[in-house]
Each structure stands twice: as C-alpha cells, then as structure tokens.
Amino acid sequence: MALSVFSAKLSTGVEDDKKQEAFVFPKFVVMGHRGFGMNMLQSPDEKMKSIKENSILSFNVAADFPIDFVEFDVQVTRDGCPVIFHDNFIFTQEQGVIIEKRVTEMALHEFISYGPQKDGANVNPMFRKTKDGRIFQWKVAKDDPLCTLKDAFVKVKCSQGFNIELKFDDNIVYGEEELRQTLENILNVVDKHAENRSIIFSSFHPDAARLIRTMQMSYPVFFLTNGGCEIYADVRKNSLDEAIKICKEGGLQGIVSEAKAILRTPSAITRIKDSKLSLISYGQLNNVVEVVYLQNLLGVEGVIVDMVMEISEAIANIEVKNEEDDEENNGRKCQIMFGEESKKELATVTSTGSGGYLRTAEWRRVCEERKEMEGETVKNLDLGFSEIAAKRKRWRERERIVKEKKRNVLI
Numbered sequence: 001m002a003l004s005v006f007s008a009k010l011s012t013g014v015e016d017d018k019k020q021e022a023f024v025f026p027k028f029v030v031m032g033h034r035g036f037g038m039n040m041l042q043s044p045d046e047k048m049k050s051i052k053e054n055s056i057l058s059f060n061v062a063a064d065f066p067i068d069f070v071e072f073d074v075q076v077t078r079d080g081c082p083v084i085f086h087d088n089f090i091f092t093q094e095q096g097v098i099i100e101k102r103v104t105e106m107a108l109h110e111f112i113s114y115g116p117q118k119d120g121a122n123v124n125p126m127f128r129k130t131k132d133g134r135i136f137q138w139k140v141a142k143d144d145p146l147c148t149l150k151d152a153f154v155k156v157k158c159s160q161g162f163n164i165e166l167k168f169d170d171n172i173v174y175g176e177e178e179l180r181q182t183l184e185n186i187l188n189v190v191d192k193h194a195e196n197r198s199i200i201f202s203s204f205h206p207d208a209a210r211l212i213r214t215m216q217m218s219y220p221v222f223f224l225t226n227g228g229c230e231i232y233a234d235v236r237k238n239s240l241d242e243a244i245k246i247c248k249e250g251g252l253q254g255i256v257s258e259a260k261a262i263l264r265t266p267s268a269i270t271r272i273k274d275s276k277l278s279l280i281s282y283g284q285l286n287n288v289v290e291v292v293y294l295q296n297l298l299g300v301e302g303v304i305v306d307m308v309m310e311i312s313e314a315i316a317n318i319e320v321k322n323e324e325d326d327e328e329n330n331g332r333k334c335q336i337m338f339g340e341e342s343k344k345e346l347a348t349v350t351s352t353g354s355g356g357y358l359r360t361a362e363w364r365r366v367c368e369e370r371k372e373m374e375g376e377t378v379k380n381l382d383l384g385f386s387e388i389a390a391k392r393k394r395w396r397e398r399e400r401i402v403k404e405k406k407r408n409v410l411i
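Residue numbers 1 to 411, in full-length UniProt numbering, belong to the letters of the sequence shown in order.
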C-alpha cells in the first residue's frame, strides 16, 4: 500500500517502523520556491525581484499557475509565533547604520514592523546580506508585508499545498527540548488551520526532521540535503547516502536534494527508490526546463522552482503534447531539443569532483538501465516519453473525474 500526499492526511499505518510504507506522489509535482520564487537582489534578472518572496502575495500569485505546492520557511519568534521568513537575521537601518536582528529573538510585533505595513506605511526598511557579505536594500517590484504561518493558512486558497520547511540555524546546537517546543508551536497552528490542505514538512536539520515525525503521523516528512555540494561539520548533511540513513532510521517519507547532487550521482536514485523513499529536488538548476525533464526521466518525482510560470507551463504543455502524440501517433516520441546554452549549463553543473563530466553517453546508459522499468528510451537526446505520457494521461483523467464529482456534489 502506498501513501499519497494528495489525501488530506496520511494514513497512520506507519507507526510500526519495521513496516515502512513507500510514499508516492500521484504525479510529477511542481513546487514554487518561497512562493513565486526567491528574491536575488543582486541579480540583473528582474524576474528574481518581481514579488516579495515568502509573502501572501507571492503564494497567491504562484497558486494561479499549475503547481501543486508552495514551499516556504518557518521560524518561531521569541513569544512562540510561527512566522514565514528565510534568513536567520533581518537587516535594517537605524540612524544611518545597518544592524542585524535574529528572527527567533524578536517578539511577533517587532518582526511584523519591518518592511511594508498593511496601512501602506514603510516604517522600518529591510536589507539583505548576500553570502559574499554585500548588503542590498530589499526592493522588489511588488512588495508585501511579512506574514505568519497562520496568515498563510487563512489567506491562501485551500487547494494550494504547503511544503513547510522547518528552519533552523546551521551554526547553533539545539537541544531536544528547544526543538520540541519550536515544533509544538508550529504543529499547533497546523492542527488548527490545515483542514483539507495537502501538507508536507521538510528540514535540513536531521534531529528536527526525525522529531517532528514522532510528534505527528498525519503528514509526510522529508529530509533536505545538498547532497555534498557543501560540507558541514555534521556529517549527516554531507551526502545522499547519509540522507537515506536518516530517513530509514527516522521513518521519514523522502528526500529533498539539491539537483546538482542528483545529477552528479544518478546511481543514488536507485538506492533511494530501493529504500522506499520519495525524491524531489531544489536548486537553481531546476529553472532549466531540460534539466527538469531529465530528472523526471531518471525517477525524480518533483521539483522546487523559482521560475514558476515558465517551468509549470512548460510541463503542462508537454503533458498535453504527450497525450496528443499518444492518441494520434500510437505513442510517438516527444522530442526535447537541447539548445547550446542548456548543454553548456548541464556540463557545468554536473561536473564531478575529479573534473570529469556526466556525458550524454553516460546519461543514455543510466536511462537505458531504467528502460525496462519505465518503458522509456533515450537516443541522441531525443527523450522517449510514451510511458510517462500514458501515466500522466491516467492521472489527468483521474483528476478530472474527482473534480467532476466535487462539482456534482456542490450542485
């Protein structure tokens, strides 16, 4: 029996760790990163500065596109309120000096005083510090106030799923009681307001991910990892194999990996699947549509993306094209053409530690190993999607029937 995130809550049949059930997404899922996409204030691309990330506006704009979830980061203020904010610190300016304040050390009223206010005022300006130490004023084309987790449940339509990332500082050692109290504050809001919304939890913090699994059995929990793209003092964060161990020991449902780690070690996908774990990916590489297709072919079940409009619509279009090909031409292959820029980007990001590259021939070999199981073929970068098309056709028909039943009930 497989568990599905698209039911309101998961079966509680996983209490027996010895009988871990496989977690299954009923279709390839697309998730909006921090809503409609993260803000990169230093980027010349205006799309990365269009809408304030992790805001109600960003979530609702993303929900207008054919995506399944919005992903966002949750921290808990000093007075116990779960708020949505990615960075550990808020940077602001006082008397001409840039100062930083840790989100978890603020009370709620102070946290929401930064940035634009609901009455239109902008009392405390916000800045952002990049990894290289540069500081930029947080200016976007469409700004929006900071928000709480409760705001998201109340103001974002229930049909939009939530991927709630449990955010903790990598440089702090948290005790179990501190983790537990933080997670209880988050779960209290979820329990009161979730209703029938699809929800998954995820975290880069191994202990937080395992602990929230023991505190609730209703929603799936995923372990976030960059798969070794960066090295941490905690070795559990440094590889996909360590991520598998954490999930198996903690009874978690899946892994969210940096896409580069998956492309560098595609053999890990088989180990993840053999462990009855789901796999989705994140990272800037997921803004390249060809890379998303490659991951889908290799067995990745979903992607977290910044270019919500471009990626979601491209996938929706290819699903329609696949269905047309399947119906009119008896499963004719749907060809994905790779431009020179995409080829260069693929070569760069899949570079291995030894300086080699995951070449086209190697992609073909990996995919052909999966051919009998997936019914797909790969030849000269023409990707065979007949089996995927058939699966998506069944999923879309099932969704149509469900929607029709709901419509009849309302009538």
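Even for Gly, the Cβ is constructed at its ideal location relative to N, Cα and C.
- Item | Own chain residues within Cβ distance below 8 angstroms of R400, not counting five before or after | If you number the sequence shown from 1, residue 400 lands on position 400. So the list is empty, once near-sequence residues are dropped.
- Item | 8 angstroms Cβ cutoff met for D68 and M38 | For the purposes of this step, residue 68 is taken as residue 68 along the sequence shown, with counting starting at 1. For the purposes of this step, residue 38 is taken as residue 38 along the sequence shown, with counting starting at 1. No, these two residues do not count as a Cβ contact at 8 angstroms.
- Task: Inspect the beta-carbon positions of P206 and R180 and report whether they are closer than 8 angstroms.
- Result: By 1-based counting over the sequence shown, the position of residue 206 is 206. By 1-based counting over the sequence shown, the position of residue 180 is 180. No, they are not a contact pair.
- If we count the other Cβ atoms within 10 Å of its Cβ and call it buried at 16 or more, is Y219 buried or exposed? Mapped onto the sequence shown, residue 219 falls at position 219. With 16 or more Cβ atoms within 10 Å of its Cβ, Y219 is classed as buried.
- Best match in G251, A233, Y232 for proximity to M215 [C-alpha to C-alpha]: Numbered from 1 along the sequence shown, position 215 holds the residue referred to as residue 215. When each option's Cα is compared against that of M215, the closest is G251.
- With 16 other Cβ atoms within 10 Å as the buried cut-off, status of G384: Along the sequence shown, read from residue 1 onward, the residue named residue 384 stands at position 384. Because the pLDDT of G384 is 33, which lies under 50, any placement of that residue in the model is unreliable, and the question is left without a value.
- Whole-angstrom distance between K52 and E177, CA atom to CA atom: As a first step, residue 177 must be located in the sequence shown, where it is residue number 177. As a first step, residue 52 must be located in the sequence shown, where it is residue number 52. E177 and K52: Cα-Cα distance of roughly 33 angstroms.
- Task: Please report how far the alpha carbon of residue 415 lies from the alpha carbon of D274, in whole angstroms.
- Result: Here the chain has residues from 1 to 411 only, and residue 415 is not among them.
- Task: Write down the C-beta distance between F204 and I212 rounded to the nearest angstrom, noting that I regard them as a contact closer than 8 angstroms.
- Result: For the purposes of this step, residue 204 is identified with residue 204 of the sequence shown, where counting begins at 1. For the purposes of this step, residue 212 is identified with residue 212 of the sequence shown, where counting begins at 1. The Cβ separation is near 13 angstroms, so there is no contact.
- Query: Taking the continuous alpha helix (DSSP H) assigned at Q181, which residues delimit it?
  - Reply: The sequence position of residue 181 within the sequence shown is 181, counting from 1. From DSSP, the alpha helix (DSSP H) with Q181 extends over 176-193.
- Beta-carbon separation (whole angstroms), residue 418 vs I304, contact threshold 8 angstroms: Residue 418 cannot be examined here, being either before or after the span of the chain that is shown, 1 to 411.
- Task: Please go through the same chain and pick out, in chain order, the residues whose beta-carbon is closer than 8 angstroms to the beta-carbon of I99, but skip the five residues on each side of it.
- Result: Here residue 99 is taken as the residue at index 99 of the sequence shown, counted from 1. Hits under 8 angstroms: F91, T92, Q93.
- Message: Whole angstroms are fine: how far does the CA of S159 sit from the CA of E404?
- Response: Indexing the sequence shown from 1 puts residue 404 at position 404. Indexing the sequence shown from 1 puts residue 159 at position 159. Roughly 15 angstroms separates the two Cα atoms.
- To the nearest angstrom, how far is it from the Cα of K139 to the Cα of K49? In the sequence shown, residue 139 corresponds to position 139, counting from 1. In the sequence shown, residue 49 corresponds to position 49, counting from 1. Cα to Cα, K139 sits roughly 7 angstroms from K49.
- Does DSSP classify R400 as helix, strand or coil? One-based indexing of the sequence shown puts residue 400 at position 400. The answer is helix: DSSP assigns R400 an H, G or I state.
- Query: Would a C-beta distance cut-off of 8 angstroms place A194 and L166 closer than the cut-off?
  - Reply: One-based indexing of the sequence shown puts residue 194 at position 194. One-based indexing of the sequence shown puts residue 166 at position 166. The answer is no: Cβ separation not under 8 angstroms.
- Alpha carbon of L187 to alpha carbon of K150, nearest angstrom: For this step, residue 187 is matched to residue 187 along the sequence shown. For this step, residue 150 is matched to residue 150 along the sequence shown. Approximately 11 angstroms between the Cα atoms of the pair.
- Do K276 and A22 come within 8 angstroms of each other at the CB atom, strictly closer than that value? In the sequence shown, the residue the question calls residue 22 occupies position 22. In the sequence shown, the residue the question calls residue 276 occupies position 276. Yes.
- Query: Cα-Cα, which of I311, I255, V289, E313 is closest to F25?
  - Reply: As a working mapping, residue 25 is identified with position 25 in the sequence shown. Nearest of I311, I255, V289, E313 to F25, Cα basis: I255.
- Message: For residue 414, report the span of its alpha helix (DSSP H) as first-last.
- Response: Because residue 414 is not part of the residues shown, which for the chain are 1 to 411, the question remains open.
- Message: Measuring straight from C-alpha to C-alpha, what distance separates residue 414 and D234?
- Response: Outside the displayed span of the chain (1 to 411) sits residue 414, for which this structure offers no information.
- Any beta strand (DSSP E) of 3 or more consecutive residues that is wholly inside the segment 112-184: 126-129, 135-137, 161-166
- Task: In the DSSP assignment, find the alpha helix (DSSP H) that holds G228 and state where it starts and stops.
- Result: Within the sequence shown, the letter at position 228 stands for residue 228. Run containing G228: none; DSSP gives neither H nor E here.
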